[in-house]
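To start, the structure itself, in structure tokens.
2 protein chains.
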Amino acid sequence: MAPKEPLVISNKDEMRKWSRAMRCQGKVIGLVPTMGYLHEGHLTLVREAHKHANVIAVSIYVNPGQFSPNEDLSTYPSDFDGDIRKLMSVPGGVDVVFHPHNLYDYGNDKKNSNVAIEGDKMVSCVDQGGLGHETWVRVENLQKGLCGNSRPIFFRGVATIVTKLFNIVEPDVAVFGKKDYQQWRIIQRMVRDLDFSIKIVGSEITRENDGLAMSSRNVRLSTKDRQNALSINKSLLKVKSAVEDGQVHCEKLRNLVVQCVTEAGGQIDYAEIVDQENLEKVEFINGPVVLCVAAWFGKVRLIDNMEINFKMDVRK
Amino acid sequence: MAPKEPLVISNKDEMRKWSRAMRCQGKVIGLVPTMGYLHEGHLTLVREAHKHANVIAVSIYVNPGQFSPNEDLSTYPSDFDGDIRKLMSVPGGVDVVFHPHNLYDYGNDKKNSNVAIEGDKMVSCVDQGGLGHETWVRVENLQKGLCGNSRPIFFRGVATIVTKLFNIVEPDVAVFGKKDYQQWRIIQRMVRDLDFSIKIVGSEITRENDGLAMSSRNVRLSTKDRQNALSINKSLLKVKSAVEDGQVHCEKLRNLVVQCVTEAGGQIDYAEIVDQENLEKVEFINGPVVLCVAAWFGKVRLIDNMEINFKMDVRK
Chain A
1 MAPKEPLVIS NKDEMRKWSR AMRCQGKVIG LVPTMGYLHE GHLTLVREAH
51 KHANVIAVSI YVNPGQFSPN EDLSTYPSDF DGDIRKLMSV PGGVDVVFHP
101 HNLYDYGNDK KNSNVAIEGD KMVSCVDQGG LGHETWVRVE NLQKGLCGNS
151 RPIFFRGVAT IVTKLFNIVE PDVAVFGKKD YQQWRIIQRM VRDLDFSIKI
201 VGSEITREND GLAMSSRNVR LSTKDRQNAL SINKSLLKVK SAVEDGQVHC
251 EKLRNLVVQC VTEAGGQIDY AEIVDQENLE KVEFINGPVV LCVAAWFGKV
301 RLIDNMEINF KMDVRK
Chain B
1 MAPKEPLVIS NKDEMRKWSR AMRCQGKVIG LVPTMGYLHE GHLTLVREAH
51 KHANVIAVSI YVNPGQFSPN EDLSTYPSDF DGDIRKLMSV PGGVDVVFHP
101 HNLYDYGNDK KNSNVAIEGD KMVSCVDQGG LGHETWVRVE NLQKGLCGNS
151 RPIFFRGVAT IVTKLFNIVE PDVAVFGKKD YQQWRIIQRM VRDLDFSIKI
201 VGSEITREND GLAMSSRNVR LSTKDRQNAL SINKSLLKVK SAVEDGQVHC
251 EKLRNLVVQC VTEAGGQIDY AEIVDQENLE KVEFINGPVV LCVAAWFGKV
301 RLIDNMEINF KMDVRK
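First to last, the protein sequences are chains A and B.
Here the first sequence stands for residues 1 to 316, where the numbers follow UniProt numbering.
Here the second sequence stands for residues 1 to 316, where the numbers follow UniProt numbering.
Written out as structure tokens, the structure reads:
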């Protein structure tokens, strides 16, 4: 069978019309939200979506609402034609690619100078653009800590754009990668708290053959940094091994990561072992936790994580 | 024709199922969100909804998320049977009354002690209940000022519950009373910013024969305060008359309200003339503005407002 060419939709109303027509035909609609520049990790999300839905929409939109003005919005890579080819290579393909131009353009004649500043300079590229968008969704506890520390407006931007996409695409199922672990948990909680009728599926991390977690940002690593960045996954495996050997003291485990990544020339943003549900720090492992790491290699910030489903057996 | 008895639904999934069935039949679904204890003002909203929709849902739910622990949640009046009778009296009636028990109960086994405190004691009855709800929607600029000053968590609570109701009922049209002017503008902006596919209709203020704006809180006024509270509407009419006489200086107009209400024994919370769209204070009237008033009579806080669609004609 020839690969299926997806319908490309850029208009919100057209997107919703398609989705509503599908729903009235009894189809289950799956959404895979992406920022484009797709790699094998994204294609895994699409394959996962096929397990839960009859028709699949992939959104490709680099969301200015989750970037601070000092972050890498302008250099975020893109390759729309390549993305379409890759999506067509997945068995079953995808039905729709939703590729809007600007989801914050409300057709205002004049720019709004009333830039919403929260706290001290905590402003996204949307606020900076002055388009008058002023509604933000926050998952107040889960957005704190981990990536929330160094990217204070990030999860506000993610929760808000995902709300917008959910309201435009109206899916029944949405698939998120567990590489962005905090994001995945935030979206799950948001869906519960705001009563979206959408099942959120978490898809396991896809890695390169050498273990590096796939990311659109990987292409921006120098050859040397690309090699050094392998230390992240190596450090996770060291921790795995240490836990299997009976080490449950999180500070000790965390130090393994810091040492391994730092020795390889990386700069740790954070390395934390937290509860899988509420993402609160854990001192000793005695239940389902996740080790989350963020580190800089050159000008590129990478994240990775590993779930540890360890239950101390006191009968030993 | 016998009055139509509405279907009463308390379950979220059942509510959404009804709505989706209607949509697939091509019906336009109207929603009138209320906190119950209905009066003629609410019935006006239902009549307005009939102009825009084929089937009408009215939600009756007193939202703890918009009440501070020190506010009047526990004494908020209710009369469910009376509400149903009143809704049946409207020509065409209503199709569904959505009457959930607790929209913040997510079936957690244990209460969540992780109470989200923002700033200093800015906590709603939902946070206080410790049910673990932690996702809030804010319309950052419009929520400031006017009622936002004395009720700092109010509009966060309103925007969040309306988002929840929109996601459960999935209406095409929702009708809000312009008596809650700031709320109406906030919901309009939220719908635009979050891409809800819902038309927001503002319905004019309904008044008692003597001019008092209808409110569920009016029953809690003493006979004397009920009489004194007429000063609010009287003050609006004074301003109307002054504007017609050429007075455009907002400070002068505002003082008419303060004087009239204070002399009647009311205590002004605010009296402001603001732009109809962005709700920012205006010094001189030269375009569409709205005079918004909030005042206490005894232990009851009342609000009222009047749009002034005045355009200075420089050719005069």
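Positions of the beta carbon are idealized from the N, C-alpha and C atoms, including for glycine.
Exercise for the section: Just the C-alpha distance for T135/A and S241/A, rounded to the nearest angstrom, thanks. Expected result: Here residue 135/A refers to the residue found at position 135 of the first sequence. Here residue 241/A refers to the residue found at position 241 of the first sequence. Looking at the two C-alpha atoms, the distance is approximately 45 Å.
Handout entry: For V8/B, the nearest candidate out of F67/B, T44/B, V97/B (CA to CA)
Key = Taking the second sequence and counting its residues from 1, the one referred to as residue 8/B is at position 8. With distances taken between Cα atoms, V8/B lies closest to V97/B.
Practice task
May I ask you to report which of helix, strand or coil DSSP gives S216/B?
Solution key: Walking along the second sequence from the start, residue 216/B turns up at place 216. It is helical.
Exercise for the section: Could you tell me which of I29/B, C24/B, V28/B, P77/B sits nearest to M35/B, measuring between CA atoms? Expected result: Start at 1 with the first residue of the second sequence, and residue 35/B comes out as number 35. Comparing Cα positions, the closest option is P77/B.
Problem - Selection from I268/B, Q267/B, E307/B, I232/B that minimises the alpha carbon distance to E277/B - result: The count along the second sequence starts at 1 and reaches residue 277/B at position 277. Closest option to E277/B, Cα to Cα, is E307/B.
Practice task
Tell me whether A294/B is buried or exposed, calling it buried when 16 or more other Cβ atoms sit within 10 Å of its Cβ.
Solution key: Reading the second sequence from its first residue, position 294 is the one you call residue 294/B. Buried: at least 16 other Cβ atoms inside 10 Å.
Handout entry: Meets three-Cβ-pair contact criterion under 8 Å: the region 228-236 of chain A and the region 250-262 of chain A
Key = yes
Exercise for the section: Kindly indicate which three-state DSSP category T75/A falls into: helix, strand or coil? Expected result: Along the first sequence, read from residue 1 onward, the residue named residue 75/A stands at position 75. If DSSP states are grouped into helix, strand and coil, T75/A belongs with coil.
Handout entry: Spatial neighbours of L38/A in its chain, beta-carbon cut-off 6 Å, leaving aside the 5 residues before and after
Key = Sequence index remark: in the first sequence, residue 38/A carries index 38 (1-based). Same-chain partners within the cutoff: D83, K86.
Exercise for the section: State the Cα-Cα distance for the pair I303/A and C292/A, rounded to the nearest angstrom. Expected result: As a first step, residue 303/A must be located in the first sequence, where it is residue number 303. As a first step, residue 292/A must be located in the first sequence, where it is residue number 292. Between I303/A and C292/A, the C-alpha separation is close to 8 Å.
Practice task
For chain B, find out if any of its Cβ atoms is closer than 8 Å to the Cβ of W141/A; answer yes or no.
Solution key: In the first sequence, the residue the question calls residue 141/A occupies position 141. What sits at residue 141/A in the sequence shown is Asn, not Trp. Chain B, which has a Cβ nearer than 8 Å to the Cβ of N141/A, makes this yes.
Practice task
Check the Cβ of L194/A against every Cβ in chain B and list those closer than 7 Å, keeping chain order.
Solution key: What you label residue 194/A is simply residue 194 of the first sequence in a count that begins at 1. Ordered by position in chain B, the residues that pass the 7 Å Cβ test against L194/A are T135, T163, K164, N167.
Problem - Range of the contiguous beta strand (DSSP E) that encloses N309/A - result: As a working note, residue 309/A is residue 309 in the first sequence. Its beta strand (DSSP E) spans residues 300-310.
Exercise for the section: Hey, could you find the ends of the alpha helix (DSSP H) K4/B is sitting in? Expected result: In the second sequence, the residue the question calls residue 4/B occupies position 4. From DSSP, K4/B is part of no alpha helix (DSSP H); its letter is neither H nor E.
Exercise for the section: Return helix, strand or coil for A242/B, following the three-state DSSP convention. Expected result: Working through the second sequence from its first residue, we reach residue 242/B at position 242. Of the three classes helix, strand and coil, the one that applies to A242/B here is helix, per DSSP.
Exercise for the section: Could you please give the first and the last residue of the uninterrupted alpha helix (DSSP H) stretch that includes L31/A? Expected result: Within the first sequence, residue 31/A is the residue found at index 31, counting from 1. No alpha helix (DSSP H) contains L31/A, which is instead part of the beta strand (DSSP E) from 29-34.
Problem - the region 8-18 of chain A touching the region 184-191 of chain A, judged by at least three CB pairs closer than 8 Å - result: Not touching, per the Cβ criterion.
Handout entry: Pair within 8 Å by beta-carbon distance, V243/A and I285/A
Key = Taking the first residue of the first sequence as 1, we reach residue 243/A at position 243. Taking the first residue of the first sequence as 1, we reach residue 285/A at position 285. In contact: V243/A and I285/A (Cβ atoms closer than 8 Å).
Handout entry: Buried or exposed by the 16-neighbour rule on C-beta atoms within 10 Å, applied to P91/A
Key = In the first sequence, the residue the question calls residue 91/A occupies position 91. Per the 10 Å Cβ criterion, exposed.
Problem - Contact with chain B by M190/A, beta-carbon distance below 8 Å - result: As a first step, residue 190/A must be located in the first sequence, where it is residue number 190. So, interface residue.
Exercise for the section: Could you tell me the boundaries of the alpha helix (DSSP H) in which G41/B lies? Expected result: Taking the second sequence and counting its residues from 1, one reaches residue 41/B at position 41. 40-52 is the extent of the alpha helix (DSSP H) around G41/B.
Exercise for the section: State the DSSP-derived secondary structure class of A264/A, mapped to helix, strand or coil. Expected result: If you number the first sequence from 1, residue 264/A lands on position 264. Coil at A264/A, not helix or strand.
Problem - CA nearest to the CA of G41/B, picked from S203/B, S74/B, Q128/B, I168/B - result: As a first step, residue 41/B is located in the second sequence; it is residue number 41 there, counting from the start. That would be S203/B, whose Cα lies nearest to the Cα of G41/B.
Exercise for the section: Can you tell me which of the three DSSP states E283/B falls into? Expected result: For this step, residue 283/B is matched to residue 283 along the second sequence. It is coil, neither helix nor strand.
Practice task
Check whether the region 145-155 of chain B touches the region 65-76 of chain B, taking contact to mean three or more Cβ pairs, one atom from each stretch, closer than 8 Å.
Solution key: yes
Exercise for the section: List the residues of chain B whose Cβ lies closer than 8 Å to the Cβ of R16/A, in chain order. Expected result: As a working note, residue 16/A is residue 16 in the first sequence. Here the neighbours are S197.
Handout entry: Cβ contact (3+ pairs, closer than 8 Å) linking the region 193-200 of chain A and the region 158-172 of chain B
Key = yes
Exercise for the section: Count the other CB atoms, across all protein chains shown, that sit within 10 Å of the CB of S74/A; report buried if there are 16 or more and exposed otherwise. Expected result: As a working note, residue 74/A is residue 74 in the first sequence. Burial is judged here by how many other beta carbons sit within 10 angstroms of a residue's own beta carbon; S74/A has fewer than 16 and is exposed.
Exercise for the section: Specify, as a first and last residue, the run of the alpha helix (DSSP H) that R192/A falls within. Expected result: By 1-based counting over the first sequence, the position of residue 192/A is 192. 181-193 is the extent of the alpha helix (DSSP H) around R192/A.
Exercise for the section: Give a yes or no on whether the minimum CB-CB distance between S68/A and chain B is below 8 Å. Expected result: Counted from its first residue, the first sequence places residue 68/A at position 68. No, no contact with chain B.
Handout entry: Beta-bridge partners of F297/A, as assigned by DSSP
Key = Within the first sequence, residue 297/A is the residue found at index 297, counting from 1. The partner list for F297/A (beta bridge, DSSP) reads V300/A.
Problem - Span of the beta strand (DSSP E) around K86/A - result: For the purposes of this step, residue 86/A is taken as residue 86 along the first sequence, with counting starting at 1. It is not in any beta strand (DSSP E) - K86/A instead sits in the alpha helix (DSSP H) that spans 80-89.
Exercise for the section: Would you please verify whether the beta carbon of C125/A is less than 8 Å from any beta carbon of chain B? Expected result: By one-based count along the first sequence, residue 125/A stands at place 125. No, its Cβ sits nowhere closer than 8 Å to a Cβ of chain B.
Problem - Cut-off 6 Å between Cβ atoms - residues of its own chain near V300/A, not counting five sequence neighbours on either side - result: Translated into positions along the first sequence, residue 300/A becomes position 300. For V300/A, where only same-chain residues beyond five positions count, the Cβ hits under 6 Å are R217, R220, L221.
Practice task
Round the Cβ separation of N228/A and G157/A to the nearest angstrom and send it over; I've been treating them as touching at under 8 Å.
Solution key: For the purposes of this step, residue 228/A is taken as residue 228 along the first sequence, with counting starting at 1. For the purposes of this step, residue 157/A is taken as residue 157 along the first sequence, with counting starting at 1. Contact flag wrong, Cβ pair sits at about 29 Å.
Handout entry: Beta-carbon proximity check, D172/A vs V28/A, cutoff 8 Å
Key = Here residue 172/A refers to the residue found at position 172 when the first sequence is read from its first residue. Here residue 28/A refers to the residue found at position 28 when the first sequence is read from its first residue. Their beta carbons are under 8 Å apart, which means D172/A touches V28/A by this criterion.
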